[in-house]
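Note sheet for the following structure.
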Ligand code: PDD
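Numbering (my numbering), first residue to last: 343 to 627.
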């Protein structure tokens with residue numbers, strides 16, 4: 343088993359692959375990315391991840407130079423050649439390599455890089471007992487719906503969470519709670535699940551969509567996509583995060599205040615179980 347990279351379709355060892363200095367990903371963050379989880383040697387929810395990749399490319403006007411089938415093939419190749427069965431695949435496409443000017447270069451070919459790394463299961467204690475989060479101001483730009491490489495606010499926010507001994511920082515823009523630095527955020531109030539609508543102010547997470555379109559329906563749970571504020575969150579019965587790496591993560595403390603007396607609520611638990619079942623159905627059968 344070994345970590346492995348792929349640059350413009352060619353397999354490379356991660357330690358001896360070099361990206362040109364003038365790749366616009368380095369210099370401008372001019373690119374987009376996706377992260378997909380691998381369970382039992384199979385990619386989970388690869389199609390929606392690739393659909394979102396094409397949407398992100400369109401949004402920042404990078405031409406799509408790889409077909410859906412090619413990208414699927416690259417994911418499968420990385421899994422096969424690395425021997426990694428439990429891991430994550432990172433994919434990024436930048437506008438390409440060109441002398442540094444802000445406007446789009448005339449002739450430039452997008453640059454695709456991918457890597458696979460093993461990832462152990464999430465700390466079972468976190469999934470079982472829940473995690474702590476902090477609330478921080480959302481200082482990002484106004485196109486958070488694009489999965490772009492520009493993650494400086496997210497990086498600073500996650501570090502702030504780490505220094506506060508918390509799992510995640512959830513952001514607040516004006517009166518509304520938006521999302522985590524690398525996850526979507528949900529609260530339960532009067533038995534109804536609330537999450538920020540999929541506007542330009544959040545990333546429309548694949549895990550979020552699975553919860554909305556599949557799990558909640560199967561479990562007969564009511565979900566509202568409607569903005570809510572900090573007092574609402576502090577009065578919530580349950581709270582949880584969702585994301586490719588985060589899966590469904592119960593939140594039991596917000597800014598040092600316990601949610602549901604510090605224990606994981608029943609709706610979060612049901613969703614966690616249903617999500618695990620779905621992974622099982624898609625990747626283990
Ligand atoms: N993060 N919101 C933000 C800001 C994110 O960065 C992510 C994912 C999500 C959840 O999206 P999804 O369910 O599609 O993973 C929400 C990835 C995993 C990352 O940056 O590593």
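Note that CB positions come from ideal geometry on N, CA and C, so glycine has one too.
Where residue i falls, given that 16 or more other Cβ within 10 Å makes a residue buried
| i | result |
| --- | --- |
| residue 490 | buried |
| residue 360 | exposed |
| residue 457 | buried |
| residue 536 | buried |
| residue 671 | As shown, the chain starts at 343 and ends at 627. That puts residue 671 outside it, with no answer to give. |
| residue 409 | exposed |
| residue 618 | exposed |
| residue 394 | buried |
| residue 560 | exposed |
| residue 575 | buried |
| residue 474 | buried |
| residue 517 | exposed |
| residue 358 | exposed |
Residues sharing a beta bridge with residue i, DSSP
| i | result |
| --- | --- |
| residue 588 | Beta-bridge pairing links residue 588 to no other residue. |
| residue 373 | 436 |
| residue 346 | 458 |
| residue 471 | Answer is none; residue 471 lacks a bridge partner. |
| residue 536 | 529, 566 |
| residue 407 | Looking at the DSSP assignment, residue 407 forms no beta bridge with any residue, so it has no partner. |
| residue 572 | Its beta-bridge partners do not exist; DSSP assigns none. |
| residue 365 | 439 |
| residue 385 | 380 |
| residue 556 | Bridge partners of residue 556: none, in fact. |
| residue 513 | 478 |
| residue 354 | 347 |
| residue 593 | 473, 581 |
| residue 605 | Residue 605 is not bridged to any residue. |
| residue 453 | 436 |
| residue 518 | 515 |
| residue 490 | 374 |
| residue 600 | 595 |
Neighbourhood of residue i by C-beta distance below 6 Å, restricted to the same chain and skipping five residues each side
| i | result |
| --- | --- |
| residue 550 | 526, 584 |
| residue 594 | 472, 601, 604 |
| residue 366 | 372, 436, 437 |
| residue 413 | 392 |
| residue 482 | 495 |
| residue 557 | 613, 616 |
| residue 542 | 484, 485, 487 |
| residue 384 | 625 |
| residue 390 | 548 |
| residue 508 | 474, 475, 476 |
Rounded Cβ spacing between residue i and residue j (contact assumed at less than 8 Å)
| i | j | result |
| --- | --- | --- |
| residue 434 | residue 375 | 4 Å |
| residue 468 | residue 528 | The Cβ separation is near 16 Å, so there is no contact. |
| residue 519 | residue 572 | 6 Å |
| residue 544 | residue 510 | Actually they are not in contact, since the Cβ atoms of residue 544 and residue 510 sit about 14 Å apart, beyond 8 Å. |
| residue 354 | residue 587 | Actually they do not touch by this definition, with Cβ atoms about 23 Å apart. |
Beta-carbon gap between residue i and residue j smaller than 8 Å
| i | j | result |
| --- | --- | --- |
| residue 579 | residue 607 | yes |
| residue 506 | residue 464 | no |
| residue 590 | residue 614 | yes |
| residue 500 | residue 461 | no |
| residue 644 | residue 621 | Residue 644 is absent from the structure shown; the chain starts at 343 and stops at 627. |
| residue 430 | residue 379 | yes |
| residue 420 | residue 348 | yes |
| residue 364 | residue 440 | yes |
| residue 425 | residue 343 | yes |
| residue 388 | residue 417 | yes |
| residue 539 | residue 569 | yes |
Residues near residue i by beta carbon distance below 7 Å, same chain, minus five either side
| i | result |
| --- | --- |
| residue 405 | 452 |
| residue 609 | 530, 535, 563, 580 |
Own chain, CB closer than 8 Å to residue i, minus 5 neighbours either side, in chain order
| i | result |
| --- | --- |
| residue 428 | 380, 381, 382, 460, 461, 462, 463 |
| residue 577 | 531 |
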